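S.K.: The structure that follows is given in the form of structure tokens.
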Amino acid sequence: LDEVRQLADKVTVLRDGRMVGTYPGTALTQMDMARLMVGRELAALYPQKSTPSSEPMLSVKNATVPGYAEDVSFTLHKGEILGFAGMIGAGRTELFEG
Numbered sequence: 002l003d004e005v006r007q008l009a010d011k012v013t014v015l016r017d018g019r020m021v022g023t024y025p026g027t028a029l030t031q032m033d034m035a036r037l038m039v040g041r042e043l044a045a046l047y048p049q050k051s052t053p054s055s056e057p058m059l060s061v062k063n064a065t066v067p068g069y070a071e072d073v074s075f076t077l078h079k080g081e082i083l084g085f086a087g088m089i090g091a092g093r094t095e096l097f098e099g
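Sequential numbering from 2 applies to the sequence shown in my numbering.
The following block contains the structure:
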């Protein structure tokens, strides 16, 4: 959307196949354009949820996959999402396949 702002003299926004409006290219921010396209504030897509402290649903302590990962520990509570990231060869796949 930033390229649209930089290159376009006018921006016409469509939502569900209907024209929402036409605006000068520099009149809208990226968030303005996105809000007009989806019809609501984007912050409302993923509202913050508070999860009360609870008993662990999953707890892993000192997991080791020789040559890949050593002493990996984590605790996951109800409502939490845990992701593992790393470069190729860092051991994230081997940790879960090992």
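By construction, the Cβ of each residue, glycine as well, lies at the ideal position given by its N, Cα and C atoms.
Quick caveat: nothing in here was measured; it's all calculated off a predicted structure.
(1) Exposed or buried, what is residue 83 when buried is set at 16 or more other beta-carbons lying within 10 Å of its beta-carbon?
(2) Start and end of the beta strand (DSSP E) containing residue 23?
(3) Contact check, residue 14 vs residue 37 under 8 Å by CB: the rounded distance?
(4) How big is the Cα-Cα spacing for residue 34 and residue 71?
(5) Do residue 8 and residue 26 have their beta-carbon atoms positioned less than 9 Å apart in this structure?
(6) Taking residue 41 as the reference, give the member of 89, 57, 58 and 21 with the closest Cα.
(7) With distance defined between alpha-carbon atoms, name the residue in 97, 18 and 55 nearest to residue 80.
(8) Could you compute how far the alpha carbon of residue 93 sits from the alpha carbon of residue 30?
M.R.: Reading from the atomic positions:
(1) Along the sequence shown, one-based indexing puts residue 83 at 82. It counts as exposed.
(2) By 1-based counting over the sequence shown, the position of residue 23 is 22. Its beta strand (DSSP E) spans residues 19 to 25.
(3) Translated into positions along the sequence shown, residue 14 becomes position 13. Translated into positions along the sequence shown, residue 37 becomes position 36. Yes, residue 14 and residue 37 are in contact; Cβ-Cβ is about 4 Å, under 8 Å.
(4) Start at 1 with the first residue of the sequence shown, and residue 34 comes out as number 33. Start at 1 with the first residue of the sequence shown, and residue 71 comes out as number 70. Distance between the alpha carbons of residue 34 and residue 71 is about 46 Å.
(5) By one-based count along the sequence shown, residue 26 stands at place 25. By one-based count along the sequence shown, residue 8 stands at place 7. Yes, these two residues count as a Cβ contact at 9 Å.
(6) Locating residue 41 in the sequence shown gives position 40, where the first residue counts as 1. The shortest Cα separation from residue 41 among 89, 57, 58 and 21 belongs to 21.
(7) Within the sequence shown, the letter at position 79 stands for residue 80. Closest option to residue 80, Cα to Cα, is 55.
(8) Working through the sequence shown from its first residue, we reach residue 93 at position 92. Working through the sequence shown from its first residue, we reach residue 30 at position 29. Taking the straight line joining both Cα atoms gives about 38 Å.
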